[in-house]
Amino acid sequence: MPITSLDGASERPDVDDTSDTIEIWTDGACSGNPGPGGWGVLMRVNGADTELHGGEPSTTNNRMELMAAIAALESQPAGAKIILHTDSTYVKDGLTKWIIGWKRNGWKTADKKPVKNQDLWMRLDAAAAARKVDWRWVKGHSGHAENDRADALARLGCEENRPRR
Numbered sequence: 000m001p002i003t004s005l006d007g008a009s010e011r012p013d014v015d016d017t018s019d020t021i022e023i024w025t026d027g028a029c030s031g032n033p034g035p036g037g038w039g040v041l042m043r044v045n046g047a048d049t050e051l052h053g054g055e056p057s058t059t060n061n062r063m064e065l066m067a068a069i070a071a072l073e074s075q076p077a078g079a080k081i082i083l084h085t086d087s088t089y090v091k092d093g094l095t096k097w098i099i100g101w102k103r104n105g106w107k108t109a110d111k112k113p114v115k116n117q118d119l120w121m122r123l124d125a126a127a128a129a130r131k132v133d134w135r136w137v138k139g140h141s142g143h144a145e146n147d148r149a150d151a152l153a154r155l156g157c158e159e160n161r162p163r164r
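First residue of the sequence shown: 0, per numbering that gives the first Met the number 0; consecutive thereafter.
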C-alpha cells in the first residue's frame, strides 16, 4: 500500500508500470544567501533527456530548490507519473511531511511562525497534487551523474543572473 498524503504527494505512489514514468532530477544554487541564484532540471522521458534552467538576481538557495521542483512538475501534464529526485531534504520533507500541518495551522509552523516561501510551497503543492509524484532524496555532490547535471544547470542559471560589471 502506498504512503500517500492528502495532497497526492507520496514517497511510494501506486506506480506498477514504469514504462510511462518520467524521471526528474532537480537542484538549486545560490551565490550568497541571499544573492543571485539558479535552478536546474534534468528530465528523462522514454530515454530522451530534456533540460530546463532559470534563476533570479536576488534569492535564496531554498527558493531555487523549490523553483526547480515547480518548473519540473509544471512542465508535465496533469496525471503524469513522475519520480522526482532532489538533494534537498527541505523540498522532499516539506512536501511529504510538513505541508499538511502548515495548511492545517493556516500556513504557520509548529512554533506559530509564518512558513517561509509560502508562495512557492503553495505553487509546488498544487503542481504535485495534479500529478502522481514519487519523491526521492539523492545525496548531492556525490558523483550521481543526473544530479550533477541538474547542479550544473542550476549553477548556469545562477551565473546568468549575476550582476554584469
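Glycine is no exception: its CB is placed at the ideal position from the N, C-alpha and C atoms.
By the C-beta criterion, the region 65 to 85 is judged to be in contact with the region 25 to 32, since at least 3 inter-stretch pairs fall below 8 Å. Inclusion of Asp86 and Val137 in the CB contact set at 8 Å is warranted, their separation being smaller than that value. Per DSSP, Trp120 is one residue of the alpha helix (DSSP H) stretching across Gln117 to Ala128.
DSSP, read as helix, strand or coil, puts Asp26 in strand. Secondary structure of Arg164 (DSSP, three-state): coil. Within its own chain, the residues whose Cβ lies closer than 7 Å to the Cβ of Val90, once the five positions on either side in sequence are excluded, are Glu64, Leu65 and Ala68, listed in chain order. Beta-bridge partners assigned by DSSP to Asp48: Arg43.
In this structure, the straight-line span from the alpha carbon of Leu51 to that of Leu41 is close to 7 Å.
Note that the C-beta distance between Glu55 and Gly78 is not below 8 Å. In the DSSP assignment, Thr85 falls within the beta strand (DSSP E) that extends over Lys80 to Thr85. By the Cβ-count criterion, Asn160 is buried, with 16 or more other Cβ atoms from all chains shown falling within 10 Å of its own Cβ.
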